[in-house]
Amino acid sequence: MPKKVLILGSTGSIGEQALDVVARSPELELAGLSAAGSWERLVEQAREHRPPVVALTGTDAAGEAARALEGTARVLSGADGVRELVLASDPDVVLNAIVGTAGLGPTIVALTEGIDVALANKESLIVGGELVTALAEATGAKILPVDSEHSALYQLVGAAEVGTVDRLVLTASGGPFRGRRDLSGVTPDEALAHPTWSMGGRITIDSATLMNKGFEVIEAHYLFGIGYEAIDVVVHPQSIVHGLVQLADGASLAHLGNPDMRVPISYALHHPERADVPVARLDLAAAAELTFEEPDVEAFPCLGLARRAGEVGGTAPCVLNAADEVAVEAFLGGRIPFTTIAEVVERTLEALPAATPGHFEDLYAADVEARDRAQALIDRAGVL
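Following this note's numbering, the numbering of the sequence shown begins with 1 at its first residue and continues without gaps.
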């Protein structure tokens, strides 16, 4: 029997590539699709791949899709509809590529039902790390990372004997401003010009500020249960080495490959098996040179802010994420300069001391409060 895959966020970059992986694999079957408001593209996907049920967060978009797909697929509507989709599609694995905190709810539903989650939604662990990992442990569901770096570490850690991993090393491309110290005057177009990966707007800006790598440090802490003091970041502009583990006997294991998100997507969806993926094979002679350097934490303070928020724990990572999301949107909208993103995040963290969440509702409340505080700072950005 093919493994049934539900793809959430199917009209984004990761979702599109996941559809390609599913369509090419006889071992996988599409159970359903979701999108936020891009109903035209979702309708095209549904007509081509024929899932029995789909969902759109936007109610107007869902109405348009329902008319277009009448007699072809059941269409669910709203945030509740996306969560209902997790149950209605009866998947074996949910690939969660929803952008933002909206992805936390479907992750909770899937894990509660004991369904494995192929996780591309960072916020599920950034915002809800302690509660999400406890939920997965309680139900026995697996969290299978889709990020290239965490997928690499997942494979490397899994190959090592228990208790032998000393350190984890995450690699970063350095983004479009690697080596640049003066970041005043950076435009959104410049910040969106990532040298290696093709990603959505927010994650590309987070890569430019190195906030994304800070988020990945927090994710690694929760995914692998390792302390922050044992998680390093190194800048590697070629993006060939995706992750590295240092072992107790002094050996280091590295995961290498050409940058192509279909590789970690396929690994997560086929796990514990592997499948053929039509990607270019790594030619080290052609690559010629692999270089590494320390990140510039003074020019890119977001990396340090994220690490400190992770170390504080509680609601601090939730506040970090919410403030960053608001600040990035403001930068893309031309309302604040690039360097103010870090300032907004830092000021919001200072204003909202971390608390210990007892329930997911506590995290949603902290998220709302952090967004309001960050927005207030942006509205009077002249005093930052």
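In this text, a Cβ means the ideal position worked out from N, Cα and C, and glycines have one as well. Here the structure is a predicted model, which is why all the values come from computation and not from measurement.
N- and C-terminal bounds of the beta strand (DSSP E) containing residue i
{"i": "E29", "result": "L28 to A35"}
{"i": "D92", "result": "D92 -> no beta strand (DSSP E), and no H or E assigned at all."}
{"i": "L303", "result": "L303 -> not in any beta strand (DSSP E); alpha helix (DSSP H) instead, spanning C302 to V312."}
{"i": "V117", "result": "D116 to L119"}
Where residue i sits in the DSSP three-state scheme
{"i": "V383", "result": "For V383, the predicted model reports a pLDDT of 45, less than 50, meaning its position is unreliable and no value from the coordinates is stated."}
{"i": "Y364", "result": "helix"}
{"i": "H255", "result": "strand"}
{"i": "I143", "result": "strand"}
{"i": "E396", "result": "Only positions 1 to 384 of the chain appear in the structure, and residue 396 is not among them; the question remains open."}
{"i": "N321", "result": "helix"}
{"i": "L6", "result": "strand"}
{"i": "A172", "result": "strand"}
{"i": "D260", "result": "coil"}
{"i": "R371", "result": "helix"}
{"i": "V165", "result": "strand"}
{"i": "A376", "result": "helix"}
{"i": "M1", "result": "coil"}
Spatially closest choice to residue i from the options, by CA coordinates
{"i": "A97", "options": "A66, V132 and D147", "result": "D147"}
{"i": "I231", "options": "S239, L247 and P237", "result": "L247"}
{"i": "V234", "options": "R180, L303, D206 and R274", "result": "L303"}
{"i": "G9", "options": "G32, L153 and A351", "result": "G32"}
{"i": "M211", "options": "F331, L85, I341 and L119", "result": "I341"}
{"i": "H255", "options": "A193, A136, G243 and R24", "result": "G243"}
{"i": "I14", "options": "G175, L156 and L119", "result": "L119"}
{"i": "R262", "options": "L290, E216 and E16", "result": "E16"}
{"i": "L104", "options": "H221, G129, I115 and E113", "result": "G129"}
{"i": "T187", "options": "L135, V277 and T339", "result": "T339"}
{"i": "D260", "options": "V241, A159 and E190", "result": "V241"}
{"i": "T411", "options": "G12, V127, A138 and D116", "result": "The structure shown does not extend to residue 411, since the chain is modelled only from 1 to 384, so the question has no answer here."}
{"i": "T204", "options": "A191, G140 and E29", "result": "A191"}
{"i": "L56", "options": "Y267, E64, A316 and A35", "result": "A35"}
{"i": "E64", "options": "E325, E44 and S184", "result": "E44"}
{"i": "E6", "options": "V319, R41 and L85", "result": "Reading off the sequence, residue 6 comes out as Leu, not Glu. For the residues V319, R41 and L85, the minimum Cα distance to L6 belongs to L85."}
{"i": "K4", "options": "V94, E325 and R308", "result": "V94"}
{"i": "Q238", "options": "A193, L290 and G179", "result": "L290"}
{"i": "L168", "options": "E229, S207, S184 and V117", "result": "E229"}
{"i": "A370", "options": "V53, T356, A355 and L349", "result": "L349"}
{"i": "A275", "options": "R281, S266, L282 and D283", "result": "S266"}
{"i": "V277", "options": "T11, P51 and A18", "result": "A18"}
{"i": "R181", "options": "E298, R281 and M1", "result": "E298"}
{"i": "V22", "options": "T11, P2, S38 and W39", "result": "P2"}
{"i": "N321", "options": "H359, G334, G214 and A285", "result": "G214"}
{"i": "E284", "options": "P301, F292, G257 and G201", "result": "Contrary to the premise, residue 284 reads as Leu rather than Glu in this sequence. Selected option, being the one with the closest Cα: G257."}
{"i": "L131", "options": "Y364, R74, F360 and R380", "result": "F360"}
{"i": "I378", "options": "P357, L363, E346 and G358", "result": "E346"}
{"i": "H49", "options": "E329, V75, D20 and V82", "result": "D20"}
{"i": "G174", "options": "C318, A376 and D296", "result": "D296"}
{"i": "V165", "options": "A286, I226, L135 and T133", "result": "I226"}
Cβ-Cβ separation, residue j to residue i (assumed contact under 8 Å), whole Å
{"i": "H150", "j": "L223", "result": "6 Å"}
{"i": "V157", "j": "G310", "result": "At roughly 18 Å, the Cβ-Cβ gap does not stay under 8 Å, so V157 and G310 are not in contact."}
{"i": "H236", "j": "A172", "result": "7 Å"}
{"i": "A110", "j": "A141", "result": "7 Å"}
{"i": "A88", "j": "L69", "result": "Going by Cβ atoms, the distance from A88 to L69 rounds to 15 Å, so no, they are not a contact pair."}
{"i": "R41", "j": "T11", "result": "5 Å"}
{"i": "A287", "j": "V319", "result": "Actually they are not in contact, since the Cβ atoms of A287 and V319 sit about 40 Å apart, beyond 8 Å."}
Residue interval of the alpha helix (DSSP H) (run including residue i)
{"i": "L349", "result": "T340 to A351"}
{"i": "A288", "result": "Run containing A288: none; DSSP gives neither H nor E here."}
{"i": "V279", "result": "Neither: V279 is in no alpha helix (DSSP H) and is coded neither H nor E."}
{"i": "P272", "result": "It is not in any alpha helix (DSSP H) - P272 carries neither H nor E in the DSSP assignment."}
{"i": "E149", "result": "S148 to A159"}
{"i": "I385", "result": "Coverage of the chain is limited to positions 1 through 384, which leaves residue 385 absent and any answer about it impossible."}
{"i": "T112", "result": "L104 to T112"}
CB contact check: residue i to chain B, cutoff 8 Å
{"i": "A275", "result": "The displayed structure is made up of one protein chain only, and chain B is not part of it."}
Handout entry: Those runs of the alpha helix (DSSP H) which lie wholly inside the region 180–253 and span at least 4 residues
Key = 188–191, 201–209 and 211–224
Handout entry: Every unbroken beta strand (DSSP E) within the region 11–74, with a cutoff of 3 residues, ordered by chain
Key = 28–35 and 53–56
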